[in-house]
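Engineer:
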Amino acid sequence: MGKDLIPPGGIEPINLRDALEERYLAYALSTITHRALPDVRDGLKPVHRRLLYAMRLLKLDPNAGFKKCARVVGDVMGKYHPHGDQAIYDALVRLAQDFAVRYPMVDGQGNFGNIDGDSAAAMRY
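In the working numbering, the protein residues as written are 54 to 178.
Structure below.
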């Protein structure tokens, strides 16, 4: 590594607090607008869109048979959404709950929770 790592324009002294506030605010706003808030066009978050796309590729149509949630979650996590499986499963469950969304987009078979706060069964069922 014998080379100097000083930038060509030199080092500019800046206030660390101001720089962090500016950069963190930009990152936080980007995260909120691109991931946390539903899109105004269809009301879906990116994880919901990825779930529906993966289900379409698995040929999970209304007149097709049911598949286990673990299969859908595994496909989404492996191909499109590299985050924890529990977060993906929670998003899938929410799409099937008629009390959580106005129009359920997934026809869930089995225990998908209830309005009283009981959680859904494990994804392996």
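Quick reminder that beta carbons are idealized off the backbone N, C-alpha and C, glycines included.
Please return the same chain residues whose Cβ sits closer than 6 angstroms to the Cβ of residue 149, not counting the five positions on each side in sequence.
Structural biologist: Walking along the sequence shown from the start, residue 149 turns up at place 96. Excluding residues within five positions, the ones whose Cβ falls inside 6 angstroms are 157, 159, 161 and 165.
Engineer: Given a threshold of 16 other Cβ atoms within 10 Å of its Cβ, counted over all protein chains shown, does residue 77 qualify as buried or as exposed?
Structural biologist: In the sequence shown, counting from the first residue as 1, residue 77 sits at position 24. Label assigned to residue 77: exposed.
Engineer: Do residue 141 and residue 154 have their C-beta atoms within less than 8 angstroms of each other?
Structural biologist: Taking the sequence shown and counting its residues from 1, the one referred to as residue 141 is at position 88. Taking the sequence shown and counting its residues from 1, the one referred to as residue 154 is at position 101. No.
Engineer: What is the DSSP secondary structure of residue 132, counted as helix, strand or coil?
Structural biologist: Here residue 132 corresponds to residue number 79 of the sequence shown, with the count starting at 1. Correct three-state label for residue 132: helix.
Engineer: Among 61, 126, 176 and 114, which has the Cα closest to the Cα of residue 103?
Structural biologist: Residue mapping note: residue 103 aligns to position 50 of the sequence shown, counting from 1. Of the candidates 61, 126, 176 and 114, the one whose C-alpha sits nearest the C-alpha of residue 103 is 126.
Engineer: Please report how far the alpha carbon of residue 79 lies from the alpha carbon of residue 138, in whole angstroms.
Structural biologist: As a working note, residue 79 is residue 26 in the sequence shown. As a working note, residue 138 is residue 85 in the sequence shown. Their Cα atoms are separated by approximately 28 angstroms.
Engineer: Does DSSP classify residue 83 as helix, strand or coil?
Structural biologist: By 1-based counting over the sequence shown, the position of residue 83 is 30. It is helical.
Engineer: Give the C-beta separation of residue 97 and residue 122 to the nearest angstrom, bearing in mind that I take them to be a contact with Cβ-Cβ under 8 angstroms.
Structural biologist: For the purposes of this step, residue 97 is taken as residue 44 along the sequence shown, with counting starting at 1. For the purposes of this step, residue 122 is taken as residue 69 along the sequence shown, with counting starting at 1. Wrong, their Cβ atoms sit about 18 angstroms apart, outside the cutoff.
Engineer: Name the two residues that bound the continuous alpha helix (DSSP H) containing residue 99.
Structural biologist: Counted from its first residue, the sequence shown places residue 99 at position 46. Unbroken alpha helix (DSSP H) run through residue 99: 99-110.
Engineer: Which value, in whole angstroms, describes the spacing of the CA atoms of residue 170 and residue 176?
Structural biologist: Counted from its first residue, the sequence shown places residue 170 at position 117. Counted from its first residue, the sequence shown places residue 176 at position 123. Distance between the alpha carbons of residue 170 and residue 176: 17 angstroms.
Engineer: Taking all protein chains shown into account, do 16 or more other C-beta atoms lie within 10 angstroms of the C-beta of residue 147, making it buried, or fewer, making it exposed?
Structural biologist: Within the sequence shown, numbered from 1, the residue matching residue 147 stands at position 94. Counting Cβ neighbours within 10 Å, residue 147 comes out buried, since at least 16 surround it.
Engineer: How would you write the range of the alpha helix (DSSP H) that residue 143 sits in, first residue to last?
Structural biologist: As a position in the sequence shown, residue 143 is number 90, starting the count at 1. First-last of the alpha helix (DSSP H) with residue 143: 138-149.
Engineer: Short check: CB of residue 113 to CB of residue 120, under 8 angstroms?
Structural biologist: Here the question's residue 113 lines up with position 60 in the sequence shown. Here the question's residue 120 lines up with position 67 in the sequence shown. Cβ distance < 8 angstroms, so residue 113 and residue 120 count as in contact.
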